[in-house]
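Undergrad: Sharing a structure below in structure tokens format, with a few things to ask.
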Amino acid sequence: RTATGLFFQSPPPAASASAGAGLGPMEQPLPPSPGERAAKAPRRGPSPPSAGRREIRTVGFLGISDYGLGQLKVLADRYQVMFATGKAKQPKHAEGLDAQLAAFCQERSIEFLGAVDANAEEFVQRAKATDLLVIGGYDKILHAPVINAPRHGVINTHLGFLPLNRGCCPTMWAQLHGLPQGFTTYRVNESIDHGEILDRFDAGPQLGALRDTNREVYDHLAAKAVGRFADALDRLEQGEALLPCEGKEAYHRQGLPNDSWLSFHWSNKFLRRFSLSLDFHPYLPGKCTVASPSEGGSATLFLAIEGDAEGAADLPKSGDREGDVGEVLAVWQDAGGSYFLNVRTRQGAVRCRVCRGATPAAGQLLGSAGDVGVHPIAVDVAEDVLPLERYLVKAPAANPLPLRLAAGAGAGAAEGQK
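Taking the numbering used here, the leading residue of the sequence shown gets 792, the next gets one more, and so forth.
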């Protein structure tokens, strides 16, 4: 996969006394060793912009995720980690990570605080004793007291391009909108997912799209975020100027697109894109309804759309026939025991893998749904990607909440966004 990185400005010579000022990324002097850093007493209070090297000796770690655990290991090899916390809540995809985090903290003599409220006064006082606070997957919005507590502030890694892809589930929304996949490491302020940029990574046009599940996209970006983290910390310590977070802004609040309901009136490409974007183990991809006399009405069927995005050219021909949109045209089982369906769509047919629910028989009709949930999608949307316009932010995020969104986008931002 192709990948490009964003290169960063060095401070103007007049604004920095750093020995590395004005040098390229590969020419910068090596950062001091942990022992050399520990020999210098930290200064308290925020550092002025372009003040030369940023001395970092002590850090705190907030939250946990797949990439956050890797970042914590990088931090522990460089600095004194004063404490680490888990998430405030426990989503399914993070199950087991707390145990790994607790074991690592015990191994490295790091105080593990478990689930905490990072905005509580007790935690703010802890943060004041650090040079830097690093978010590794925390799931509550931080307020000004804790953001301003560490000497050099708070940094976070968001698995989306900022400010184009702010808010919840950025890899999912990037796939739905056809946006670039990547991540941004930035200095946190009171606007959600918005701040001066330390590192930004572009995974190239092939990641996601109509090829990879959202879980595969996430895992790829998580690995890159860990692999680039040490270099980002080097630049931070060396005093490089952070880039402004500017450009077109979009924001997605908590919730699933169309509440994860499929419509077979969508284009085949959009059906495939929608399914891949929701396919994030252990969560299931899209769902539909199927008549179920035993349940007195209809039952929910979870399907992964696996057919060729161009139509039905690769579908088995045996048993295929014309039918109404949503009609099951053929049913078969592969050698591994999984069941597959050919389902009639507006553009022909798609191949679907049954993920959960009773496998329907040929001739049964699968129900389509539209305009559902906090992120509704029309039952007959014609585009191959989800239009971005309704999620655009009308004014730049120069101020804290509330966000001012384009008409129809809804208001508010939910906690638990990571």
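For every residue, glycine included, the Cβ atom is placed at its ideal position computed from N, Cα and C.
Note that the structure is a prediction, hence the values are computed from the model and not measured.
1. Relative to the C-alpha of Y1009, which candidate in T849, L863, V1176, D857 has its C-alpha closest?
2. Is it right to say E1031 is buried, meaning 16 or more other beta carbons lie within 10 angstroms of its own, or is it exposed?
3. Look up E1180 in the DSSP assignment and say whether it is helix, strand or coil.
4. Can you check DSSP and say which residues form a bridge with N1133?
5. Evaluate L1058 with the Cβ neighbour count: other Cβ atoms within 10 Å of its Cβ, from every protein chain shown; 16 or more gives buried, anything less gives exposed.
6. Confirm, please, whether the CB-CB distance from A920 to C896 is below 9 angstroms.
7. Ends of the beta strand (DSSP E) at F992?
8. Under DSSP, the beta strand (DSSP E) around I926 begins and ends at which residues?
9. Label A867 either buried or exposed according to how many other C-beta atoms from any shown protein chain fall within 10 Å of its C-beta, with 16 as the threshold for buried.
10. Are the beta-carbon atoms belonging to V1122 and G1046 less than 9 angstroms from one another?
11. Comparing alpha-carbon positions, which option in T1150, W964, N939, A1016 lies nearest E981?
12. What residues are listed by DSSP as bridge partners for C1079?
13. Across the segment 1171-1182 and the segment 1033-1043, are there enough close Cβ pairs to call them in contact, namely three or more that are closer than 8 angstroms?
14. The alpha helix (DSSP H) that contains V1008, what's its start and end?
15. Can you give me the C-alpha to C-alpha distance between G905 and D889, rounded to a whole angstrom?
16. Quick one: what's got a C-beta closer than 6 angstroms to V865's C-beta in the same chain, skipping five residues either side?
17. For the 8 angstroms Cβ check, are there 3 or more pairs between the segment 939-949 and the segment 976-995?
18. On the DSSP bridge list, what partners appear for V850?
19. Taking its Cβ as the centre, do 16 or more other Cβ atoms sit within 10 Å of S1129, making it buried, or is it exposed?
20. Tell me which residue opens and which closes the beta strand (DSSP E) that N947 is part of.
21. In the DSSP assignment, the alpha helix (DSSP H) including F1055 goes from what residue to what residue?
22. What distance in whole Å lies between the Cβ atoms of R978 and L1034, which are believed to be in contact at a cut-off of 8 angstroms?
23. If contacts are defined as beta-carbon pairs under 8 angstroms, then P936 and V915 qualify, I think. What distance do you get, rounded to the angstrom?
24. Looking at the secondary structure, which residues open and close the alpha helix (DSSP H) in which F895 lies?
TA: In this structure, then:
1. D857
2. buried
3. If DSSP states are grouped into helix, strand and coil, E1180 belongs with the helices.
4. A1121, R1142
5. Residue identity differs from the one stated: residue 1058 is Ser in this sequence, not Leu. It is buried - the Cβ of S1058 has at least 16 other Cβ atoms within 10 Å.
6. no
7. 988-993
8. 923-926
9. buried
10. No, the pair does not count as a contact, with Cβ atoms beyond the cut-off.
11. N939
12. When beta bridges are read from the DSSP output, C1079 appears opposite L1092.
13. With a cut-off of 8 angstroms, the segment 1033-1043 and the segment 1171-1182 count as touching, because enough Cβ pairs lie within range.
14. 1005-1028
15. 8 angstroms
16. For V865, where only same-chain residues beyond five positions count, the Cβ hits under 6 angstroms are F1020, A1021.
17. yes
18. The partner list for V850 (beta bridge, DSSP) reads V872, L923.
19. exposed
20. Unbroken beta strand (DSSP E) run through N947: 945-949.
21. Per DSSP, F1055 belongs to no alpha helix (DSSP H) and is neither H nor E.
22. Contact flag wrong, Cβ pair sits at about 10 angstroms.
23. 5 angstroms
24. 888-898
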